[in-house]
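Chains as they are written, first to last, in our numbering: chain A, 18 to 590; chain B, 105 to 679; chain C, 658 to 827.
Glycine included, C-beta positions come from ideal geometry on N, C-alpha and C.
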Amino acid sequence: MNHAPVLVVLLPLLAALTSLLLPYRLAPWLFSGCLAGVGGLLIPLYQRLIATGVFRYRIGGWGWPLGIDFYLDGTGFIMLAMTWALLAGIGWYSLAYFRGRPAAAHFWPLLLLVWAALDNLFLTADVFNMYVTLELLGLLSVALIALAGTSDAFSAALRYLLAALGGSMCYLLGVAMIYSASGTLDWVFLRTVLTEGPRAAMALALVTAGLMLKSAIFPLHFWLPRAHANAPAPVSALLSSLMVKASFYIALRMWLWIFPGVLHTHVAGPLLGLLGAGAILYGSLLALRQDRLKLLIAYSTVAQLGYLFVFFALSMHPEDVTPALQAVVFFALSHAFAKAALFMGAGVVQRTLGHDSLDRLAGCAQRLPQIVFSFGVAGVSLIGLPPSGGFVGKYLLIDTAIRERQWFWAGVLAVGGLLAGAYVFKILARAMADGLSPTFAPHLASITAPSHVLPDGAPKAAGDTFPAPATVATGPTAPTEGPTTSFTPPTTSAPDPGISRHPTPAPPAAAISAAMTAVPAEAAPPDRGLVWSTWTLAMTAFLLGLLALHPLQMIAIGAPETGPRLPGSEILK
Amino acid sequence: MNWYKWLPVLMIASSAGPAIAIFFLAEESHGWRTLWNMLGAVLKIVLMGVLFYEVHLGREIAFHVPLMPGLTFKLHADSLSLLFAGLSTVLWFLTTIYAIGYLEHSPHRSRFFGFFSLCVSTTIGIAMAGNLITLLIFYEFLSLTTWPLVVHRGNPTSIAAGNRYLVYTLGGGALLLLGVVWLQTLVGEIDFVARGGLSALEAGTHNDLRLIFTMLVLGFGVKAALVPLHGWLPGAMVAPAPVSALLHAVAVVKAGAFGIVRVVYDIFGIEFCERLGVLEPLAGLAALTILFGSWRALTQDDLKRRLAYSTVSQVSYIVLGAAVFGPKATIGGIVHLVHQGLMKITLFFCAGNFAEELGLHRVSELDGVGRRMPWTMAAFTVGALGMIGVPPVAGFVSKWYLGWGALEAGMPWVIAVLALSSLLNAGYFLPILYAGWFAERTSPWPATHGAPFPGTSIHFPPDSPANMGGPSATETCANPPAKLPREPLMPPTRGKHRASHEAGAPTAIVFGSEGSPSVPGGLSPASTSTAAWEISPLLLAPPLVTAGLSLLAGIFAGSSFSPLYWARFIMMGEY
Amino acid sequence: MTTLLWYALVGVVLLAIGFASLILTPGILRKIIALNIMSSGTFLILVSLARRSPDPVTQAPDPVPQAMVLTGIVVSVSATAMGLAFLLRYYEATGRLALPEDDLPALDPAKQPTGSPDGPPATSSGDALTALPPHAILREEPLPATGGSSRPTSGEAPTSTVLPGGRHRP
């Protein structure tokens, strides 16, 4: 299909807008339709890529330099496919997770918008378009985090918002510098027209600084752990697997495709690599010190993103950079699956046990064997043991490092795997420990450590909706039956003059505990959809190493060559 | 249509498939689980037979798929593979039978057998790996599949032992990964070829190659329990007896030794190693390990720990055989792979039987056990004699060849090491044999699975050493005996402190309350009938079979069916 | 030429002010305003880049940076709107107007809000009720059956808040 590239973006966008108009129960159907549609559209893109290589698509027929073009190469396609696969898994999980909860009304449109933004990002050839999608993603993430409805989630979301806006501002400045140095915004052509000099260097510096803030690279990672940990489980999975990859993707394009000819210093790459190494160390050590499961996993994201940035230290070699590129993109791919599975599993744990405290995980392996198994195999991919995708990525990265005689980075990568092993097996050891059955006593939990009882663990009676309906202590009513017009987005701006200056406080502790003790001590086993979706993503991460060959070959399509600078490639429309 | 290239894959799948099926079985479905287990074991033996036949006919069996650009996943069945794979297959069959009997009424059996079977597939994968990357893949995977077995019981000791195990194996794995990647950047893909393929490299890389050799040996050496990387093995004895028997005495440590053998013979080539000069340090390290392991074994009172240190020592015979330049030593080392496996598993089976039937964990408690459990003790004796090197048990054959080869290679100090080690082995095995056969029992057995003879009542003085931390006495009487933890949860004490366990812990497990003439209700019929046998046949048969095999391997060493013959065959390809 | 330079310089100065304020000032509202000032600075720089020659008649300014500025303004407005909506929600949920790590210690330690989002709840004593003016936000008992608008429903502990500077902001 000739218009496949733009349809890949339009379809989720239209679905998102439609889902706002329809009752929220239909939203999952829209989502599934989108999955089928986008999946179908990816196939001709794939075929074209394999047959003829990279290609451009002119939106509206304008073309460069007036219009914004879409440009598809192997890396972009892998990212598109990754997005599709992960959203399929997360969507499956969310189906069960948000079933019957009014928060679903907000979740599905937001998810579809995220999808549209990500597809746009991975296809676009215009750096300013990237800025717009980056901003969009930031705002959407903030909204998604806030679906949790707790004060922790709000503060984390606000922190994320401020950091994201700051980072985008930095990036925008960088784009301005790029434009002033080259006169074009199309990154495929930028390589040929970018003039060297202080402007280009400053542009790269600004862009990288902004993207580092958005990718939570040490030491600018402060917003990530709490944001990812306090979001609802499918949102955490989405954020850790896809959102952070978005800003990394832009950084990749900048460093490998746009700026290589401009970098004369050999300091820049190793500097980023050092920050990456610091992230690995710092993130892993802090992960070991956590006593909440979701925070541990979030710090693990900080650490794994460090791996991605170590790549920049390895990419400065003047010879073929394709193996390193394959390594890092594949590593990002397998990390996405593994991390999503981990967060989804943590969500199930929270739902079933009522808490996500690591100290009270004993006996989890008996209650949730498949989930603990998923933790295991996903963790294996994080550590980088065969046959997982992480192993292939790590192997290739170490291979690149040793070929370039960069022993330090090879050592860093190997040690990073060991540190990941430490915190992965910390989770597993706690879960496999026998003895006390999990203390499922949420009424005690709410009194002693209220911040640990997240909405994921709260039984439906107490509700976790944002915003909650007027009657607090009762279950989430379903306000959206009937005609679409009756579905008013529940907002607190519905003026209630008596309380405009007095926000409603939480119900008294007694009501909460009463609601919570309504749940029997032996809670029902988790929804099969939750368990199986987690397991599927974990097994994908685990077995990805066996399926590595073709994705690796795809990444090589359109990889930057180090010879003469490439002009734009074949134009599709 | 060469269907036989799928044989290695089928071998691996024959236990991986049952593993996956078992994972999904409910805890109560004993029948299905046993069925899957035995199906896999039998199928594997059949496939093994077919493989031997095909290789005997001279067929080249190799299976490869590309894995990454420039790397291939390759499985092949050469003579060395078949040696190790054959050993693993036969022993797995026996251990499955043993495990079914041992873990009756234990919790989490589905999980256990699932991972157990996966371990075996991984070991077969290691045996059949055709190049270094495939070996690496299965080697690392083995760490993963064995960890859940070490921490199977879920108590703090097991978890701690598991953590220690991980630190060692993951660390070794990282070192191994670096070595493998480095080597592959130098020479590209490395297949295992007899005589090794590296001798063609120019001299400038020799220093790098020495370093790579060291990294590879150390990486494999963690699992092979080379000193000082052996620290995980004694702690891992906290796992259930079938795990200790097959995995930590046979599969895991042999995988490490096998890896070193492959590196020396099929990657570097023994002659190239000699030129590089790495063999002498390796021999020194192996000798150090042999002596150190035997020395430490002398002071252990816990039976399984003593056997663990003995394993540390014995596996290094294989490494020693690889490190001594000469055909005889090669034969000695390779054949010891089989012999040590047979003998050590016998010993561990017997140790498991002592613990299971009589609650004996300490060497100091073994007085008079030979009268009570003669067959088990006999099997133990065969195994112990073989360890010491007494003919005609198989151990003698391997030591003989090792010594002979050392003489030919002009390393007489190796003979001194061998002699000293045999002395030390005698030092820690003979007392057990003496105590078992000739000593008089003065205190009652710590615990018995069933009443030894109907009509007796048993009660214990309050301070007798016994299983700790098991269900309380009354519980045990009331219900069918839940499987008590077989391994003491306390760190093993030295021999002197028999009675100094903490008071207040449940010490006495009373089967049959005082005075009741009948066997306590709830005991399964199998256990009452064991009054006729000393222990359940499921637990008795495997050690007897392996002891018999050790004897046969020694007696018929000259025949063409023996492991020795096979080792000779392998050796001829390497020189 | 100097006009161009002035534009750019002013843009840079605004950027610096905004950035410094973003980092240093507590108070979310202030940070949002700082972000707006930063964006104004960026847009000024962008606009200054649009100039191609001193004489706009002979050569029109470059439209691309102007387009970028327009888009940027739209983005900035949306982001600000979202930030403000969030601030309101956050305030209704917690009674704070600053992120937890930025909160200044209360004058009365007994009423000190928690230091971290996951920290233990601050205890509120009875005298806190009487010590504060009526429109301070307290949590000990729910307001009687008012239209419950959004608020978090997890077991969030009651906190009392005395806002920085001792002033009571709604």
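Quiz prompt | Where residue 450 of chain A sits in the DSSP three-state scheme | solution = coil
Quiz item: Anyone know if the C-beta pair for residue 331 of chain B and residue 403 of chain B falls short of 7 Å?
Solution: no
Quiz item: Would the beta-carbon of residue 175 of chain A fall within 7 Å of that of residue 127 of chain A?
Solution: No, Cβ-Cβ distance for residue 175 of chain A and residue 127 of chain A is not below 7 Å.
Quiz item: When you check each C-beta in the segment 690 to 720 of chain C against every C-beta of chain A, which residues fall closer than 7 Å?
Solution: Listed by position, the residues of the segment 690 to 720 of chain C near chain A (Cβ gap below 7 Å) are 692, 695, 696, 699, 702, 703 and 706.
Exercise. Look up residue 504 of chain A in the DSSP assignment and say whether it is helix, strand or coil.
Key: Any reading at residue 504 of chain A must be qualified, since the residue scores a pLDDT of 34, below 50, and its modelled position is unreliable; the value itself is stated next. Reduced to three states, the DSSP call for residue 504 of chain A is coil.
Quiz item: Does residue 682 of chain C get closer than 7 Å to chain A when you measure Cβ to Cβ?
Solution: no
Quiz item: Closest by CA to residue 59 of chain A, which one among A/95, A/36 and A/79?
Solution: A/95
Quiz item: According to DSSP, is residue 416 of chain A helix, strand or coil?
Solution: helix
Self-check item: residue 258 of chain A: contacting residues in chain C (beta-carbon distance under 7 Å)
Solution: In chain order: nothing, as chain C lies at least about 23 Å away.
Quiz item: Tell me the DSSP bridge mates of residue 644 of chain B?
Solution: DSSP lists no partner for residue 644 of chain B.
Practice problem: Would you please state the rounded distance, in angstroms, between the beta carbons of residue 448 of chain B and residue 354 of chain B? I believe it to be under 8 Å. | Solution: 7 Å
Quiz item: Taking the alpha carbon of residue 331 of chain A as the point to measure from, which residue in A/558, A/449, A/423 and A/361 has its own alpha carbon closest?
Solution: A/423
Quiz prompt | Backbone CA spacing between residue 309 of chain A and residue 443 of chain A [nearest angstrom] | solution = 12 Å
Quiz item: Whose C-beta lies closer than 8 Å to the C-beta of residue 798 of chain C among residues of the same chain, with five residues either side of it excluded?
Solution: Low per-residue confidence applies at residue 798 of chain C: pLDDT is 39, beneath 50, and the placement is therefore not dependable, though the value from the model is reported in the following sentence. Closer than 8 Å at the Cβ level, and outside the excluded window around residue 798 of chain C, lies no residue.
Quiz item: From what residue to what residue does the beta strand (DSSP E) around residue 171 of chain B run?
Solution: 166 to 172
Quiz item: Is any heavy atom of the ligand ADP found at a distance shorter than 6 Å from the C-beta of residue 415 of chain B?
Solution: Ligands are entirely absent from the displayed structure, and the ligand ADP is therefore not among its contents.
Quiz item: When you compare each of B/551, B/525, B/548 and B/471 to residue 540 of chain B by their alpha carbons, which one comes out closest?
Solution: B/471
Practice problem: Examine the Cβ distances between the segment 640 to 658 of chain B and the segment 475 to 493 of chain B and report whether three or more of them are shorter than 8 Å. | Solution: At 8 Å Cβ cutoff, the stretches touch.
Quiz item: Based on the DSSP secondary-structure assignment, which residues constitute the bridge partners of residue 89 of chain A?
Solution: A/72
Quiz item: Whose Cβ in chain C lies nearer than 9 Å to the Cβ of residue 213 of chain A?
Solution: Those within 9 Å of residue 213 of chain A in chain C number zero; the least Cβ separation is about 19 Å.
Self-check item: Interface residues of chain C facing residue 183 of chain A [CB-CB closer than 8 Å]
Solution: 676, 679, 692 and 695
Quiz item: Do you know how far the Cα of residue 93 of chain A is from the Cα of residue 74 of chain A?
Solution: 13 Å
Practice problem: Using a threshold of 7 Å, state whether the C-beta atoms of residue 356 of chain A and residue 232 of chain A are closer than that. | Solution: no
Quiz item: When you check each C-beta in the segment 729 to 740 of chain C against every C-beta of chain A, which residues fall closer than 8 Å?
Solution: Result list: 729, 732, 735, 736, 739 and 740.
Quiz item: Cβ atoms of residue 148 of chain B and residue 183 of chain B: under 7 Å apart, would you say?
Solution: In this structure, residue 148 of chain B does not lie closer than 7 Å to residue 183 of chain B by Cβ.
Quiz item: Is any beta-carbon of chain A found at less than 7 Å from that of residue 750 of chain C?
Solution: yes
Quiz item: Taking all protein chains shown into account, do 16 or more other C-beta atoms lie within 10 angstroms of the C-beta of residue 137 of chain A, making it buried, or fewer, making it exposed?
Solution: buried
Practice problem: Indicate whether residue 302 of chain B and residue 376 of chain B have their beta-carbon atoms separated by less than 7 Å. | Solution: yes
Quiz item: For chain C, is any of its Cβ atoms less than 7 Å away from the one on residue 175 of chain A?
Solution: For residue 175 of chain A, the nearest beta carbon of chain C is closer than 7 Å to its own beta carbon.
Quiz prompt | Nearest-angstrom beta carbon gap, residue 155 of chain B and residue 186 of chain B [assumed within contact, 8 Å] | solution = 6 Å
Self-check item: Contacting residues, own chain, Cβ-Cβ under 7 Å from residue 664 of chain C (five flanking each side not counted)
Solution: 701, 704 and 705
Quiz item: Taking only beta-carbon atoms, is residue 747 of chain C less than 7 Å away from chain A?
Solution: Residue 747 of chain C counts as touching chain A.
Self-check item: Min CB distance residue 53 of chain A to chain C below 7 Å
Solution: No, no contact with chain C.
Self-check item: Test item: CB-CB of residue 349 of chain A and residue 311 of chain A under 7 Å
Solution: no
Practice problem: Find the nearest neighbour of residue 112 of chain B within the set B/180, B/174 and B/132, judged by alpha-carbon distance. | Solution: The shortest C-alpha separation from residue 112 of chain B is found at B/180.
Exercise. Kindly indicate if chain A contains any beta-carbon less than 7 Å away from that of residue 754 of chain C.
Key: It does not: the Cβ of residue 754 of chain C has no partner Cβ on chain A nearer than 7 Å.
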